[in-house]
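Structure first, then comments.
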Amino acid sequence: MSRALLTQVSVLARRAVIRTLRQPGMVLPALIFPMVLLAVNAGGLTSATELPGFPTETYLDFAFAFPLVQSAIFGASLAGTEFARDIENGFLNRLTLTPLRPVALLAGLLSGVVALTVLQYTVFLAVGLAIGVDIKSGILGVPVLFLLGVLTSLGFACLGTILALRTGSGEAVQSFFPLFFVLIFFSSVTLPRPLLGGGWFQAVATVNPVSYLVEGLRSLVITGWDPHALALGFGFALAFLAVGLAVAARSMRRRMEA
């Protein structure tokens, strides 16, 4: 990486991180809403632990993956909305008059998502431990949990960026927010896939990549070290991120050349 590119990335990354952390209207819901849903799910579905073959004794441990993967939705919304704002106020047009490389703009933008994800995971982990969540992978599993979470959030953030580049509208990006929730709820987020009944819901959850992201994160909490679940989780996260980066970079070049 050239020195000029490094400078561009660092300047834009600093801008993205500061802009993200200075928006309580974005940060606070990203911290509070997932924990509220965790409390609702853990309280309302605790009887699921009585099902034969359920992998944990407490539903709280099982459900703790929900806010972790839900944080990716806020990453997608943040990246898409902020970038759409830059398009709408002409900031991107002004950048086209400079020698800025599109990859630097994309890397800088995603830095804000990384900052938000690390903040979310720190808060979620602190609250989870305080209310009794048992991380079976121990202290060594925490950085792995953070790494998989960041990769997942970046993949979703690329999707939000692509929507912003294609529509150029923050409102249009926000309109896709419920669809991201659908991806999560039609996964194995509430029950293990073998206990979904063998019908259409289980089939959808099996082909839904989000299931494997959830199960990778969950394995570190309820199992410890599950090579199969972690391999699938990291594999899907990296594949999702690679495709998202490629499409986002292509869309950004087209937008900046237009």
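So for the sequence shown, my numbering puts the first residue at 3; every next one is plus one.
C-beta atoms are modelled at their ideal positions from N, C-alpha and C, and glycine is treated no differently.
- Residue 103 sits in coil when the DSSP states are folded into three classes, being neither helix nor strand.
- Residue 119 counts as buried, since no fewer than 16 other beta carbons sit within 10 angstroms of its beta carbon.
- Apart from the 5 residues on each side of it in sequence, residue 115 sits with its Cβ closer than 7 Å to the Cβ of 77, 80, 81, 155, 156 and 159 in its chain, given in chain order.
- Residue ranges of uninterrupted alpha helix (DSSP H) with 4 or more members, entirely inside the segment 26-57 and ordered along the chain, are 26-46.
- Sequence-distant partners of residue 47 (beyond 5 residues in either direction) whose C-beta falls short of 6 Å from its own C-beta, in its chain, are 61.
- Judged by DSSP secondary structure, residue 217 falls within the alpha helix (DSSP H) whose first and last residues are 211-224.
- When rounded, the separation of the alpha-carbon atoms in residue 103 and residue 12 is 13 Å.
- Here the alpha carbons of residue 51 and residue 167 stand approximately 44 Å from one another.
- Ranked by how close their Cα comes to the Cα of residue 134, the residues 44, 172 and 150 have 44 in first place.
- Only buried fits residue 32, as 16 or more other CB atoms lie within 10 angstroms of its CB.
- Of all C-beta pairs linking the segment 120-134 to the segment 190-201, fewer than three are shorter than 8 Å, placing the two stretches out of contact.
- Between residue 107 and residue 97 the beta-carbon gap is near 7 Å, inside 8 Å, which marks them as a contact.
- Per DSSP, reduced to three states, the secondary structure at residue 91 is coil, with no helix or strand assignment.
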